Amino acid sequence: MAKLDDVSLFIEDESESYKVDVTEYAVEKGEPFTDHVSKRSPEFSISGYILSSNYETSKNKLISIMESGKIIKYVGKMSASNVIITSISSKRSSDVQNGMAIDISLRRIRISTTSWQKASGSKKPVQKPTSQSGKKKPVSKKKPTSTKKYHVTKKGDTYWDLSRKYGSSIPQLRSWNKYPDRRIPIGVKLRVK
Numbered sequence: 000m001a002k003l004d005d006v007s008l009f010i011e012d013e014s015e016s017y018k019v020d021v022t023e024y025a026v027e028k029g030e031p032f033t034d035h036v037s038k039r040s041p042e043f044s045i046s047g048y049i050l051s052s053n054y055e056t057s058k059n060k061l062i063s064i065m066e067s068g069k070i071i072k073y074v075g076k077m078s079a080s081n082v083i084i085t086s087i088s089s090k091r092s093s094d095v096q097n098g099m100a101i102d103i104s105l106r107r108i109r110i111s112t113t114s115w116q117k118a119s120g121s122k123k124p125v126q127k128p129t130s131q132s133g134k135k136k137p138v139s140k141k142k143p144t145s146t147k148k149y150h151v152t153k154k155g156d157t158y159w160d161l162s163r164k165y166g167s168s169i170p171q172l173r174s175w176n177k178y179p180d181r182r183i184p185i186g187v188k189l190r191v192k
């Protein structure tokens, strides 16, 4: 006699299955290569009978548990906490008058109970959830202030020197300012950005 949640079952076979997922990348010749292997949750299946006058109700309860994703406990020859039902198949035959044969697949799962936290010895703080509370700040409809920048010329200033110093191109400097390349007066204000 075994129990799955609070449903009594007469189990004949229990089998466990352990698997991993392996990435594969095709190559032109030879075997595919891999760069990652990840562990999967253990799975196991049970086969047996639901024997009672209301076996259909017990089967429907198990289906409801499976569809809701409820985490349950199984106790039989082996026992497992934190399992979910992944599939159920049933079969009725004339051999069993007051019940039905049933095959159930289960998967062990691990539940995360907290969000990530600071590792021991780490000085980084725990991330707090963001809050959507508070008043929204009004969006300014003002145009951004001018980002123009000017330079007062000294003896020896050229558009080439100014382009290197302020990051503007020489043709752009020429278009902003009315002076020819070789006749930039000393002490005038030139736009450089």
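Numbered by numbering that gives the first Met the number 0, the letters in the sequence shown go through residues 0 to 192 in order.
Backbone N, C-alpha and C fix where the C-beta goes; we use that ideal spot for every residue, glycine too.
Computed from a predicted model, the values in this text were never measured in an experiment.
Where I62 falls, given that 16 or more other Cβ within 10 Å makes a residue buried | exposed
If we ignore side chains and look at the alpha-carbon of each, how far apart do K148 and W175 end up?
-> Take the alpha-carbon of K148 and the one of W175: they are about 11 Å apart.
V19 versus R173, K38 and E55, residue with shortest Cα-Cα distance | V19 has its Cα closest to that of K38, out of R173, K38 and E55.
Using the C-alpha atoms, what's the distance from D5 back to R109?
-> 21 Å
Alpha carbon of V151 to alpha carbon of I183, nearest angstrom | 11 Å
Quick one: what's Y26 bridged to in DSSP?
-> What sits at residue 26 in the sequence shown is Val, not Tyr. Its beta-bridge partners do not exist; DSSP assigns none.
Would you give the residue range spanned by the alpha helix (DSSP H) that T56 belongs to?
-> Residues Y54 to S67.
Straight-line gap, W159 to D180 (C-alpha atoms, nearest Å) | Rounded to the nearest angstrom, the two C-alpha atoms are 9 Å apart.
Ordered along the chain, which non-local residues of its own chain (more than five positions away) have a Cβ less than 8 Å from that of E15?
-> P41, E42, F43 and M77
Where the alpha helix (DSSP H) through K164 begins and ends | Y158 to Y165
Does the count of Cβ pairs from the region 47 to 59 and the region 95 to 105 closer than 8 Å reach three?
-> yes
From N59, K188 and P137, pick the residue whose C-alpha is nearest to that of S86; which is it?
-> N59
By Cβ distance, which residues of its chain are closer than 6 Å to K72, with the 5 residues on each side in sequence left out?
-> S80
Beta-bridge partners of H150, as assigned by DSSP | L189
Tell me E11's beta-bridge partners as DSSP assigns them.
-> Answer is none; E11 lacks a bridge partner.
Please name the residue, chosen from V21, L3 and T22, that lies closest to E13 on a Cα-to-Cα basis.
-> L3
CA nearest to the CA of E66, picked from I83, K28 and S52 | From the listed residues I83, K28 and S52, the smallest Cα separation to E66 is found for I83.
C-beta neighbour in chain D for R190, strict 9 Å = Judged by its chain identifiers, the structure shown contains no chain D, having just a single protein chain.
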